[in-house]
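Trainee: In my numbering, the protein residues as written are 5 to 215.
Quick reminder that beta carbons are idealized off the backbone N, C-alpha and C, glycines included.
As the structure is a computational prediction, the values presented were derived from the model and not from experiment.
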Amino acid sequence: MLIVKKFGGSSVANKERIFRVAERCIEEYKKGNDVVVVLSAMGDTTDELLAKAADINPNAPKRELDMLLTTGEQVSVSLMAMAMHALGVPAVSLNAYQVMMHSTSRYGNARFKRIDSERIRHELDSRKIVIVTGFQGVNKYDDYTTLGRGGSDTTAVALAAALRADACEIYTDVDGVYTADPRVVKNARKLKEITYDEMLELATSGAKSAS
């Protein structure tokens, strides 16, 4: 089986949590499954980077903001790969450019156009756990873009669809997939089942979801 797992910033906020996630992914890997992990930036990293940008220039160009913000996820995935290696399991971290996750050029709120699966499949064939940056794409100018609210969820679902994964597991603090954020919208409905296309549409709208 090929399984995509997505973990949010709170799940990788410190060393202990990083190793906890690593162990969970390794458990799946040792069952003989192919595992692709999508990560958000650690803890409050994105907010901290935005604050740094605002301190330098409150009206910073959106391209430069995206260039800055995408560094947060790169820290997460590289540390996760290091943790897995420390636990004796081969892993590789990849960013949006290395995967070639093609997006539109709307900085700060881009959408995926196409995802190349060749690099990920090559690494999976080498029996590595593949760890991919969430929240980011690359446009036709080879610039980094960010996907806006729910961007890492979007990445996980889009990758799962591109790879024809058997499962896409999104770990968060709600108990299923809803039509809207249940903490904000009182009449949000929990869905019993959902297709990849429907999941991708919800994820790009910032829907809240969990495995």
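(1) Identify every run of the alpha helix (DSSP H) within the stretch 29-110, keeping only runs that are complete inside it and at least 4 residues long; order them along the chain.
(2) Secondary structure at Gly12, three-state DSSP: helix, strand or coil?
(3) Can you grab the Cα-Cα spacing for the pair Thr150 / Pro62, in whole Å?
(4) Take the Cβ of Tyr145 as the centre, count every other Cβ of all protein chains shown within 10 Å, and call the residue buried at 16 or more, exposed below.
(5) For Thr122, count the other beta carbons within 10 Å of its own beta carbon; 16 or more makes it buried, fewer makes it exposed. Which is it?
(6) In terms of residue numbering, what span does the beta strand (DSSP E) encompassing Gly141 cover?
(7) Applying the 10 Å Cβ sphere with the 16-neighbour rule, what's the burial state of Ile174?
(8) Alpha carbon to alpha carbon, how far is Arg193 from Thr199?
(9) Kindly give me the distance between the Cβ atoms of Met88 and Ile124, rounded to whole angstroms, as I take these residues to be in contact under 8 Å.
(10) Under the three-state reduction of DSSP, which class applies to Lys132: helix, strand or coil?
(11) Could you give the DSSP three-state label for Thr176: helix, strand or coil?
(12) Taking all protein chains shown into account, do 16 or more other C-beta atoms lie within 10 angstroms of the C-beta of Ala100, making it buried, or fewer, making it exposed?
(13) Just the Cα atoms here: how many angstroms apart are Asn18 and Ala90?
(14) Let me know if Ser156 comes out buried or exposed under the rule of 16 or more other beta-carbons within 10 Å of its beta-carbon.
(15) Could you give the first and the last residue of the continuous beta strand (DSSP E) run that contains Ser199?
(16) Is the beta carbon of Gly141 closer than 7 Å to that of Met105?
(17) Let me know the secondary structure DSSP gives Ala164 once reduced to three states.
(18) Would you call Gly92 buried or exposed, if buried means 16 or more other Cβ atoms sit within 10 Å of its Cβ?
(19) Decide yes or no for the touch test of the stretch 53-67 against the stretch 30-38: beta carbon pairs closer than 8 Å, at least 3 of them.
(20) Give me, in chain order, the residues of the same chain whose beta-carbon lies closer than 7 Å to that of Gln102; leave out the 5 immediate sequence neighbours on both sides.
Mentor: Working from what's here:
(1) 49-60, 66-90, 100-103
(2) For the purposes of this step, residue 12 is identified with residue 8 of the sequence shown, where counting begins at 1. In the structure shown, Gly12 sits in coil (DSSP, three-state: anything other than H, G, I, E or B).
(3) Start at 1 with the first residue of the sequence shown, and residue 150 comes out as number 146. Start at 1 with the first residue of the sequence shown, and residue 62 comes out as number 58. Near 18 Å, if we compare the C-alpha coordinates of Pro62 and Thr150.
(4) In the sequence shown, counting from the first residue as 1, residue 145 sits at position 141. It counts as exposed.
(5) Working through the sequence shown from its first residue, we reach residue 122 at position 118. Checking the sequence shown, residue 122 turns out to be Glu, not Thr. Flag for Glu122 reads exposed.
(6) Within the sequence shown, numbered from 1, the residue matching residue 141 stands at position 137. From DSSP, the beta strand (DSSP E) with Gly141 extends over 140-142.
(7) As a working note, residue 174 is residue 170 in the sequence shown. Classification for Ile174: buried.
(8) Here residue 193 is taken as the residue at index 189 of the sequence shown, counted from 1. Here residue 199 is taken as the residue at index 195 of the sequence shown, counted from 1. Whole-angstrom Cα-Cα distance: 16 Å.
(9) Taking the first residue of the sequence shown as 1, we reach residue 88 at position 84. Taking the first residue of the sequence shown as 1, we reach residue 124 at position 120. Contact flag wrong, Cβ pair sits at about 16 Å.
(10) Counted from its first residue, the sequence shown places residue 132 at position 128. Coil at Lys132, not helix or strand.
(11) For the purposes of this step, residue 176 is identified with residue 172 of the sequence shown, where counting begins at 1. Of the three classes helix, strand and coil, the one that applies to Thr176 here is coil, per DSSP.
(12) Numbered from its first residue, the sequence shown carries residue 100 at position 96. By the neighbour-count rule (16 or more Cβ atoms within 10 Å), Ala100 is buried.
(13) By one-based count along the sequence shown, residue 18 stands at place 14. By one-based count along the sequence shown, residue 90 stands at place 86. Taking the straight line from one Cα to the other gives about 16 Å.
(14) Here residue 156 refers to the residue found at position 152 when the sequence shown is read from its first residue. Counting Cβ neighbours within 10 Å, Ser156 comes out buried, since at least 16 surround it.
(15) Locating residue 199 in the sequence shown gives position 195, where the first residue counts as 1. First, the residue type needs correcting, since residue 199 is Thr and not Ser in the sequence shown. Thr199 -> no beta strand (DSSP E), and no H or E assigned at all.
(16) Within the sequence shown, numbered from 1, the residue matching residue 105 stands at position 101. Within the sequence shown, numbered from 1, the residue matching residue 141 stands at position 137. Yes, the Cβ-Cβ distance between Met105 and Gly141 is below 7 Å.
(17) As a first step, residue 164 must be located in the sequence shown, where it is residue number 160. In the structure shown, Ala164 sits in a helix (DSSP, three-state: H, G or I).
(18) Here residue 92 is taken as the residue at index 88 of the sequence shown, counted from 1. Exposed: under 16 other Cβ atoms inside 10 Å.
(19) no
(20) Along the sequence shown, one-based indexing puts residue 102 at 98. Excluding sequence neighbours, Gln102 sits near Arg123.
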